[in-house]
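Residue numbers (the numbering used here), protein chains in the order written: chain A, 1 to 582; chain B, 583 to 1135. Here a beta-carbon is modelled for each residue, glycine too, at the ideal position from N, C-alpha and C. Please read the structure below before turning to the comments.
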Amino acid sequence: MINLKINNIDVRVPEGATILEAANKAGLWIPTLCKHPDLGPTAACGICVVKIKGAKNMVRACASPAEEGMEVTTHDPELVRVRRTTLEMILSNHPNECLTCARNGTCELQDLAEEFSVRERLLPPIVPDISTDDSTRTIVLDPRKCIKCGRCVTVCQQKQDVWALSFLERGLETRIAPAGDIGLGDSPCIRCGQCSAHCPVGAIYEYDETARIWEALQYPKKYCVVQIAPAVRVSLGEAFGREPGENLTGQIYSALRRMGFDAVFDTNFGADVTIMEEAAEFVERIKQGNGSLPLITTCCPSWVDFMEKYHSDMMEHFSSCKSPHAIIGTLSKTYYADKMGLDPKDVFTVSIMPCTSKKYEITRSSSMFASGLQDVDVSITTREFSRMVRQDGLIIEQLNADEKPDSILGEYSGAGTIFGASGGVMEAALRTAQYQITGDENAELEFKEIRGLQGVKVMETKVGDKNIRVAVAHGLGNVETVLNEVRAALRQGQESPYHFVEVMACPGGCVGGGGQAWKVDNKIREKRIEGLYRDDRKQRIRRSYQNTSIRRLYEDFLNEPLSAKAKELLHTSYTARPQYQR
Amino acid sequence: MPPVNIEKIKNDEIKRQNDFCCRIFVCASTGCISSQSMEAIDALEEAVKSHDLENEIEIVPTGCMGLCARGPLVRVEVAGQKPVLYETVDPMFARLVVSEHIRPALAKSVKDYAFKLPDFLKNRTVPLDIDFFAQQQKVVLANAGDIDPESIEAYIARDGYKALEKILLNMSPEQIIEQIEKSGLRGRGGGGFPVAKKWTFARQSQAEYKYVICNGDEGDPGAYMDRSILEADPHAVLEGVLIAAYATGAQEGIFYIRAEYPLAIERMKKAIRQAKRNKLLGKNILGTEFSFDCQIRLGAGAFVCGEETALIASIEGRRGTPRPRPPYPSVKGVWDMPTCLNNVETLANVPSILRNGGDWFAQWGTGSSKGTKVFALTGKVINSGLIEIPMGLSLREVVEKIGGGSSTAKEIKAVQTGGPSGGVIKREDLDLPVCYDRFQQAGSIMGSGGMIVMDQDDSMVDIASFYLGFTVDESCGKCAPCRIGGKQLLDLLEKISQGKGTKKDIESIKLLCEAMRSASLCGLGQTAPNPVVSTLTYFENEYLEKINSEVCK
């Protein structure tokens, strides 16, 4: 432990703690801008400068380790003046477009300007003229608003290992863009949206498609069907001042009905279907034995894109099962339309997702048109949906918390809801696979070793007479180590160290998705995750195969998991893709 | 294989040199080459051949002789006679030197016979006893202009690699650092950090692998100290690196040299090759346990890559931007390994210090600044060029004696030191001794060695704009204070320069300077306002005149 004094307050912090952390521990607030709790310091903005007794220069609190006996001053007139001037510099290099900005009201720079009561501009504006890049149709890059904090680049390169974003040029010309100054759509970008989730300002945000939904809702002939993803229900409230993790499932169903949706479904049901198929695939591969293992999950479209671009040698290990949201899309225009006597052409499917990448997934390949039409017509993020709620004049507190989803693609099991957390897909799959292998209805239900925020989680569990080894990775930077272990074993003709691998691109899984409520850190992710496990515990049915709607789906329509019809409608294929499109 | 015998190489080379009755030294550094010294060499060779004097005369291409403004420089040394230095030697004149000076001098080569130069030759000579030479003290540049930088034998003949032999056979790393500490050597790249301290930190860092980096990314406008050292005496720098490696426990060395220095790179490459051939690099150097190897990496032209953490990022193939310290490179440097990073001039001092002892080096200088310092003396002085002076010499002596005073009829107004990170020292303060701390107290810095003399015609606002324009161009863009503050500051200076400034602008300038100095991430941004602060401190009237001139109109 290290003892130091900050503003004459004695503080004790563990070795390696920064001055910023020490100050927080002492109950002191140092303003920051570029620092994000998820990331190491980029030290770019210069707002968090403090003084250390005996040091020649001011230092950045975010990047300077606390040292024994240090005496730190965090606030004095000179420090405040330097911070204010630095802030004025940043403001002079930023367009004054708060009113039309995607981050209006959630912007960290706006907060800081307010904190420093900036009322007039000290410096004339020098704002770059760079066009926005919406070539991915999922996330939009507006480099003019970028304050070069470096968070997006760090996330993209270090955390996600994608290396789509980088800094180009230097000095005042510095800007974020993919290497070679190509459009993000042509770059290795996997549309995970972690750049936008970490951006302090409005320089990276989701591609807004709410207008298309309003339009469809106005159109009498359209039969509008909607689904919400597991993770959305525990994050939406944050935009309305509610605690992260608070489960608003009922209120969301209610809001959607008031908006005019004809059928309100739940992606959790799709998750139960995914489990039926994926667990069956797993059991089949277990029977086949060695070479076909491990089975790797594919619910996450960013992970799929990443694998197709960077790890296509592992393609044969990928589950061919579509993601839950794609399954609901297909089933809405086939199974549901059949039952309801609807012309699938009139069915308009909307998905509300924690994810920017789902916007990409809905046209990813021909299998996303399994119904003969585009299975999901529009996919929007939690953030877009929160604005729709406001625009429709709905007040969360006034909505019915007990509302239920519509049959026959709505009722879900607890296994479906935990899909939104890292480890959840694996846990849900094991709950069903155990039954499929042993026929035991009361086998282990909770697998706590694979829950939580540790980057790679491994577990060995006994299913019947077999030891099953699983690995769960989230945050794509954590995937490579797992894959390399598998590769090394397979190359030497040995058994794979894991039988089943779950991968989610975003840290924490979908709860930490790139389309979730603004401002996220691990504390918030944990609360959202806890919200999902609470939902799971609340459910009477917690195993997918026990869901009566699932049973009906197979009895009435699909016959059995991996049947010809299931394969035609609910499965997809993969193809190696170049990292750069041009 | 037996280790190389340095003493034998030395004796053989001295004998070889002594076999010539006459040696012609021609400056073949970038400056003189650009004024066609290579053509002069060709002409000399031709003339020597045509007079059939190939066995009597050796033509030695050398590094910088210092008086760059008057290049190409050629020094003729006939055995038993006083050396003669010629300036602005073109090919035609070179032939005349052979036919009208050397040939007759050799013909009458009698020990006590003083050959009298004909006037047309004499008019082009530079006396070697003038203050420009007499006031200098050469340690780093001891070989510059005296040896062929592309010959390891020539270096060894001047006691090169003696220090390496001495430390490898007789000294412990701790003893080396002790000598460096005694010498008081501080970083010559501009920071002035005590070298012994840096080496101690690197030595104490525990790791399987360590690096030594030689920083040759000199970038100050108008400064060419490091380039000249690399071009004139690459083996001295290499020997310095080897000693630093042994002292800190490093296995690998990297020369980071900017690509704009092709000749320096070429000569360093050659030096490394020669050292390898002589087993002074590689495994078990001089038969000891010490093994070490070197490579060269080129800088692509970013000024900020002279900053140590940006330099390391550049070597690793990343964008050349600084990162916060700690961890310092001596703990976590290139490829995350402990790295001892010193500038070219610093390392070039090391062999002499180890050969002669720390006390010998500390005989020159002031309390806190020991030894000598190389400067690129330019601007409005008669003798502009590359100089090496003992620390503690006053700026007045440098400007008036070595520089020969103002080259225009106008009075000297100020001396700029430290380049874009430095400031101006006004005429009234010229008695200031050359010293890290005294320069800093006066609002400038010693820097890497740029020294520009200014006269009454030079506008201080324009000077500040010029330097700031340079740092704005070279800002890496990583941190906001440097990236934006620099440009805002520059715009304000230009506004004032155009006569459109107001008094309020001066206040804004002061605020911007304060924030840039305090909140920039690296030395580039922290020191970028120095030329502005310094000119504003000493010549505020010039700023006010520009502001008021508009009011008067």
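At the level of alpha carbons, what is the spacing between residue i and residue j?
{"i": "residue 121 of chain A", "j": "residue 196 of chain A", "result": "28 Å"}
{"i": "residue 694 of chain B", "j": "residue 1046 of chain B", "result": "Below a pLDDT of 50, predicted positions are generally treated as unreliable, and residue 694 of chain B, at 49, falls in that range; the measurement from the model is reported next regardless. Rounded to whole angstroms, residue 694 of chain B to residue 1046 of chain B spans 57 Å at the Cα level."}
{"i": "residue 414 of chain A", "j": "residue 580 of chain A", "result": "40 Å"}
{"i": "residue 743 of chain B", "j": "residue 799 of chain B", "result": "25 Å"}
{"i": "residue 450 of chain A", "j": "residue 797 of chain B", "result": "49 Å"}
{"i": "residue 220 of chain A", "j": "residue 515 of chain A", "result": "30 Å"}
{"i": "residue 850 of chain B", "j": "residue 300 of chain A", "result": "53 Å"}
{"i": "residue 209 of chain A", "j": "residue 174 of chain A", "result": "30 Å"}
{"i": "residue 571 of chain A", "j": "residue 135 of chain A", "result": "28 Å"}
{"i": "residue 465 of chain A", "j": "residue 420 of chain A", "result": "30 Å"}
{"i": "residue 444 of chain A", "j": "residue 430 of chain A", "result": "9 Å"}
{"i": "residue 55 of chain A", "j": "residue 70 of chain A", "result": "10 Å"}
{"i": "residue 172 of chain A", "j": "residue 1056 of chain B", "result": "10 Å"}
{"i": "residue 18 of chain A", "j": "residue 62 of chain A", "result": "6 Å"}
{"i": "residue 371 of chain A", "j": "residue 97 of chain A", "result": "43 Å"}
State yes or no: is the C-beta of residue i within less than 8 Å of the C-beta of residue j?
{"i": "residue 986 of chain B", "j": "residue 964 of chain B", "result": "yes"}
{"i": "residue 486 of chain A", "j": "residue 473 of chain A", "result": "no"}
{"i": "residue 496 of chain A", "j": "residue 294 of chain A", "result": "yes"}
{"i": "residue 892 of chain B", "j": "residue 904 of chain B", "result": "yes"}
{"i": "residue 999 of chain B", "j": "residue 1027 of chain B", "result": "yes"}
{"i": "residue 887 of chain B", "j": "residue 830 of chain B", "result": "no"}
{"i": "residue 38 of chain A", "j": "residue 250 of chain A", "result": "no"}
{"i": "residue 984 of chain B", "j": "residue 717 of chain B", "result": "yes"}
{"i": "residue 684 of chain B", "j": "residue 749 of chain B", "result": "no"}
{"i": "residue 89 of chain A", "j": "residue 303 of chain A", "result": "no"}
{"i": "residue 767 of chain B", "j": "residue 952 of chain B", "result": "yes"}
{"i": "residue 596 of chain B", "j": "residue 641 of chain B", "result": "no"}
Whose C-alpha, out of the options, is nearest the C-alpha of residue i?
{"i": "residue 552 of chain A", "options": "A:129, A:339, A:455", "result": "A:339"}
{"i": "residue 564 of chain A", "options": "A:452, A:277, A:8", "result": "A:277"}
{"i": "residue 816 of chain B", "options": "B:697, B:738, B:827", "result": "B:738"}
{"i": "residue 226 of chain A", "options": "A:376, A:360, A:420, A:113", "result": "A:376"}
{"i": "residue 663 of chain B", "options": "B:945, B:829, B:687", "result": "B:687"}
{"i": "residue 854 of chain B", "options": "B:902, B:781, B:844, B:732", "result": "B:732"}
{"i": "residue 542 of chain A", "options": "A:411, A:489, A:561", "result": "A:411"}
{"i": "residue 270 of chain A", "options": "A:166, A:328, A:250", "result": "A:328"}
{"i": "residue 1067 of chain B", "options": "B:1041, B:1111, B:1080, B:1040", "result": "B:1111"}
{"i": "residue 319 of chain A", "options": "A:275, A:309, A:99", "result": "A:275"}
{"i": "residue 65 of chain A", "options": "A:90, A:4, A:124", "result": "A:4"}
{"i": "residue 1004 of chain B", "options": "B:902, B:646, B:1115", "result": "B:1115"}
{"i": "residue 391 of chain A", "options": "A:211, A:82, A:194, A:312", "result": "A:211"}
{"i": "residue 79 of chain A", "options": "B:1123, B:788, B:1129, B:1093", "result": "B:1093"}
Identify every residue that forms a DSSP beta bridge with residue i.
{"i": "residue 177 of chain A", "result": "A:166"}
{"i": "residue 266 of chain A", "result": "A:228"}
{"i": "residue 996 of chain B", "result": "B:1008, B:1036"}
{"i": "residue 963 of chain B", "result": "B:988"}
{"i": "residue 571 of chain A", "result": "A:321"}
{"i": "residue 102 of chain A", "result": "In the DSSP output, where bridge partners are listed per residue, residue 102 of chain A has none listed."}
{"i": "residue 65 of chain A", "result": "A:18"}
Would residue i be called buried (16 or more neighbouring beta carbons within 10 Å of its own) or exposed?
{"i": "residue 127 of chain A", "result": "exposed"}
{"i": "residue 598 of chain B", "result": "exposed"}
{"i": "residue 547 of chain A", "result": "buried"}
{"i": "residue 858 of chain B", "result": "exposed"}
{"i": "residue 104 of chain A", "result": "exposed"}
{"i": "residue 57 of chain A", "result": "exposed"}
{"i": "residue 1163 of chain B", "result": "There is simply no residue 1163 of chain B to check, as chain B begins at 583 and stops at 1135 in what is shown."}
{"i": "residue 356 of chain A", "result": "buried"}
{"i": "residue 488 of chain A", "result": "exposed"}
{"i": "residue 793 of chain B", "result": "buried"}
**Request:** Scan the stretch 1058-1075 of chain B for residues whose Cβ lies nearer than 7 Å to a Cβ of chain D and list them as they occur along the chain.
**Result:** Of the protein chains in the structure, A and B, none is chain D.
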